[in-house]
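J.:
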Amino acid sequence: MTPLYARRRRTALAAATAVAAGALLTTGLAAGTATADPAPVGKPVMGGAPVLLSAAARTSLIQEQQATAAETADAIGLGAQEKLIVKDVVKDVDGTVHTRYERTYGGLPVLGGDLVVHEPADGTRTVTKAVRTTVKVASVTPKVAAGKAETQALAAAEKAGSERTEAASAPRKVIWAAEGTPVLAYETVVGGLQEDGTPNELHVITDATTGEKLHEWQAVHTGTGRSLYSGTVTLGTYKSGSAYQLYDTSRGGHKTYNLARGTSGTGTLFTDADDTWGTGTASSSSSDQTAAVDAAYGAQITWDFYKNTFGRSGIRNDGKAAYSRVHYGSNYVNAFWQDSCFCMTYGDGSGNTHPLTSLDVAGHEMSHGVTSVTAGLRYSGESGGLNEATSDIFGAGAEFYANNSSDAGDYLIGEKIDINGNGTPLRYMDKPSKDGASKDYWSSSLGSVDVHYSSGPANHFFYLLAEGSGQKTVNGVSYNSPTYDGSTVTGIGRAKALQIWYKALTTYFTSTTNYKAARTGTLNAASALYGASSAEYKAVDAAWKAVNVS
C-alpha cells in the first residue's frame, strides 16, 4: 500500500503498489479476437501500439497462453521444477504478443522470477527477465521455524513506527530471487497501522535457512457535482429507487464510499436525492459530499485517460473498476492505493478541511494499481523510484487529458492540495531538486534514497522527452529544465512520451527494473512504436543521457 507523500521522516508522494501475491496468466492472441477502439492520443506510426481487447478476448488469450505455459517454460530453458503462471497478455497492432508470467519453483512462488515472453507474428521469441540468475535451491525444507520469521517481521514493523502491529497471515514459503543467489525464504506480511495512521502491509523476507532478514518493502502506496479542485463537473451516477448513488456504471462500476472518519471496512455508498452533489467548498463534516465529488471525478478521468490514450480498459485491463473511499481517519494528511482491496483511499488533511482528492493525486494513486498488475516494480531501491515516477507521469498525463480550466495540466505534482502549507507542490518534474530532496540525475547511490525522491531522474527524463530542456511556459506555468551534461534536448511532445513510457511499463519492465534497464526498455518501446532510426528513438537516448543514464 502506498500513501500519497512522505513527511520528510517518511513523507513524499508515495503511491506505491502492493506486491501481487496471486498467480498470473498469459497466452497468445487468437486471430479476430481483438476489438478496436478509437485511435489513442499520440497514436504511433509503427505496429507496436497495443490493441484494446474485449474482456472475453483477453480472458480467452490468457487461458490459451496458460494452456501452453509448460511448453513455453521448456522452450526458454527453465528447469523441471519451474512452472509459469500467466499474469497478463498484451497484443500489438502488428500481431506481436507479449505474455507476462510469474514463476514457481517446487510449487513455491519465486519473488523476482517474473518474465515477459515477446512473440512476433514471424514466430521468433525473445524474453525479458526480472533476473537472469538460474533459479535453484538445495532444498525447499526450511531450517528456521516460521515463528521466528514472524517475530522478526513484527520487530521490523515496530521499528518503522507501526501501531497495532500484527501479522496479517502466517509466513509463507517463497524463493527469494530478486537479489543475488536465490534462496528459500519466508515472506511475512505485517498489518496494523503505520505511524501516521496509514494501513500497514509491510512485507518482510527472511532467509529460511539462516534466519537473516533479507529485505522489506511497504505495499500500501501513499497518494453533475461541485468539486473542491476541479470546478463544476459531470459525474457518472445511478438512480436506485428514489435516490441517486455515486456509482458510475459506464466505467466498470466505480463506486465512491464514505468512511466517515473510520479506518477500516468499505464504508457507506454516497447517495443523494436530486443528483446534485457537493458544495464546491470543503467542510469538516464527515458526511461532506465535496471530497466524494473530487474522488469520483478523478476516478472517471483516470479511466478515460487510460482507455482513450492507451486502449486500456480499467486498472486491470479487464473492464472492471476499482472503488474509492473518502473521509479516512481524522486529520489524516495522505492518500493511498491498496492492492489488497483494489481501492483508493483519501484523507481529509489538516483540520479535516483539505482533502487529498485532487486530480493528479487520483491519477497518481490509481496508476500504482496499473504498475502492480503490469511490471510489478518492487517498491524499494531504483525500481521503487521508477514505480513512483510512473505514477507521477500518468498522474500528470491524466491532468492534462482532463483539460479542465480549474485544474489545468502541468508538470507539478500535488500543487492543489498544499501539503507543504506554503502553496508549493510536492514535486517538480522539470527540476525535481526544487522540492529540496528529490534527485535531478542518476548516481550510484540512488538506490539508497527514499523512493519518492529517487523518482526524480525518471520524472526529469519524462519532462525532457516531452518538452525538452531550457526555459518554457506550458499552460501558464514556467519551467527551466537543466541537463547533467549541458546538452540541449528537443522534446517530442507529451503524447508520444506517454506512449513510450506506457509501452515500456507494460511490455518491457519487470519487478526488478532499475534505471539502466528502464533506459533499455524505453528504447525498445520507442523502436517498436516509431522505429529504431526515428527521431523519437534518438530523443529517448538523448533524454536519458541528460539525466546521467547511458
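Each residue of the sequence shown is one higher than the last, beginning at 5 in this note's numbering.
C-beta: ideal position from N, C-alpha, C; glycine also.
Decide if Gln-69 is buried, meaning its Cβ has at least 16 other Cβ atoms within 10 Å, or exposed.
T.: Residue numbering aside, residue 69 sits at position 65 when the sequence shown is read from its first letter. So Gln-69 counts as buried.
J.: Would you check if there are 3 or more beta carbon pairs closer than 8 angstroms linking the stretch 468-485 to the stretch 493-505?
T.: Output reads yes: the stretch 493-505 touches the stretch 468-485.
J.: Would you kindly work out how many angstroms separate the C-alpha atoms of Tyr-350 and Asn-262, rounded to a whole number?
T.: By one-based count along the sequence shown, residue 350 stands at place 346. By one-based count along the sequence shown, residue 262 stands at place 258. Looking at the two C-alpha atoms, the distance is approximately 10 angstroms.
J.: If you measure between the beta carbons of Tyr-432 and Lys-438, is that distance less than 8 angstroms?
T.: The residue given as residue 432 occupies position 428 in the sequence shown. The residue given as residue 438 occupies position 434 in the sequence shown. Cβ distance < 8 angstroms, so Tyr-432 and Lys-438 count as in contact.
J.: Using 10 angstroms around the beta-carbon of Pro-130, count the other beta-carbons present and answer buried if the total reaches 16, otherwise exposed.
T.: As a working note, residue 130 is residue 126 in the sequence shown. Reading the sequence as shown, one finds Thr at residue 130 and not Pro. Thr-130 is exposed by the Cβ-count criterion.
J.: So for Tyr-432, helix, strand or coil by DSSP?
T.: Counted from its first residue, the sequence shown places residue 432 at position 428. Strand, per DSSP.
J.: Which ranges would you report for the beta strand (DSSP E) in the stretch 290-344 if only whole runs of at least 3 residues count?
T.: Listed in chain order, they are 327-332 and 339-342.
J.: Tell me the rounded alpha-carbon separation between His-456 and Ala-247.
T.: Along the sequence shown, one-based indexing puts residue 456 at 452. Along the sequence shown, one-based indexing puts residue 247 at 243. Rounded to the nearest angstrom, the two C-alpha atoms are 42 angstroms apart.
J.: Ignore the nearest five residues each way along the sequence and tell me which others in Trp-548's own chain have a CB closer than 7 angstroms to its CB.
T.: Within the sequence shown, numbered from 1, the residue matching residue 548 stands at position 544. Answer for Trp-548: Phe-465, Arg-523 and Ser-554, listed in chain order.
J.: What's the gap between the Cα of Arg-255 and the Cα of Ala-366?
T.: For this step, residue 255 is matched to residue 251 along the sequence shown. For this step, residue 366 is matched to residue 362 along the sequence shown. Roughly 15 angstroms separates the two Cα atoms.
J.: Grab the span of the alpha helix (DSSP H) containing Trp-2 for me, first residue to last.
T.: Since the first residue of the chain shown is 5 and the last is 554, residue 2 is not available in this structure.
J.: Ignoring anything shorter than 3 residues or poking outside the stretch 125-166, list the beta strand (DSSP E) runs there in chain order.
T.: Counting only runs of 3 or more, we get 130-133.
J.: I'd like to confirm the pairing. Which residues does DSSP put opposite Glu-86 in its beta bridges?
T.: One-based indexing of the sequence shown puts residue 86 at position 82. Answer is Tyr-109.
J.: When burial is assigned at 16 or more other CB atoms within 10 Å of the CB, is Gly-373 buried or exposed?
T.: For the purposes of this step, residue 373 is taken as the residue at position 369 of the sequence shown. So Gly-373 counts as buried.
J.: Considering only residues of the same chain and omitting the five flanking positions on each side of Ser-290, which have a CB-CB separation below 7 angstroms?
T.: The residue labelled residue 290 in the question sits at position 286 within the sequence shown. Around Ser-290: Ala-264, Arg-265 and His-331.
J.: Have a look at Gln-475 and Leu-416 and give me their C-alpha separation to the nearest angstrom.
T.: For the purposes of this step, residue 475 is taken as residue 471 along the sequence shown, with counting starting at 1. For the purposes of this step, residue 416 is taken as residue 412 along the sequence shown, with counting starting at 1. Each residue's Cα considered, the two are about 15 angstroms apart.
J.: Which term fits Ala-406, buried or exposed, when burial requires 16 or more other beta carbons within 10 angstroms of its beta carbon?
T.: Counting from 1 along the sequence shown, the entry for residue 406 is found at position 402. It counts as buried.
J.: With DSSP run on the structure shown, which of helix, strand or coil describes Ser-448?
T.: On the sequence shown, position 444 is the one that residue 448 refers to. In the structure shown, Ser-448 sits in coil (DSSP, three-state: anything other than H, G, I, E or B).
J.: Figure out for me which residue from Thr-275, Pro-461, Thr-100 and Gly-389 has the closest Cα to the Cα of Gln-293.
T.: As a position in the sequence shown, residue 293 is number 289, starting the count at 1. Selected option, being the one with the closest Cα: Thr-275.
J.: Would DSSP call Arg-265 helix, strand or coil?
T.: Position 261 of the sequence shown, counted from the start, is the residue given in the question as residue 265. Correct three-state label for Arg-265: coil.
J.: If contacts are defined as beta-carbon pairs under 8 angstroms, then Leu-250 and Ala-286 qualify, I think. What distance do you get, rounded to the angstrom?
T.: Stepping through the sequence shown from its first residue, residue 250 is reached at position 246. Stepping through the sequence shown from its first residue, residue 286 is reached at position 282. So it is not a contact: roughly 17 angstroms between Cβ atoms.
J.: Are the stretch 72-85 and the stretch 481-494 in contact at 8 angstroms, needing three or more beta carbon pairs?
T.: Judged by Cβ distances under 8 angstroms, the stretch 72-85 makes no contact with the stretch 481-494, as fewer than three pairs qualify.
J.: To the nearest angstrom, how far is the alpha carbon of Ser-442 from that of Ala-74?
T.: As a working note, residue 442 is residue 438 in the sequence shown. As a working note, residue 74 is residue 70 in the sequence shown. Their Cα atoms are separated by approximately 44 angstroms.
J.: Might you give, ordered along the chain, the residues of its own chain that have their beta carbon closer than 7 angstroms to the beta carbon of Ala-150, omitting 5 neighbours on each side?
T.: For the purposes of this step, residue 150 is identified with residue 146 of the sequence shown, where counting begins at 1. Excluding sequence neighbours, Ala-150 sits near Ala-174, Pro-175 and Tyr-190.
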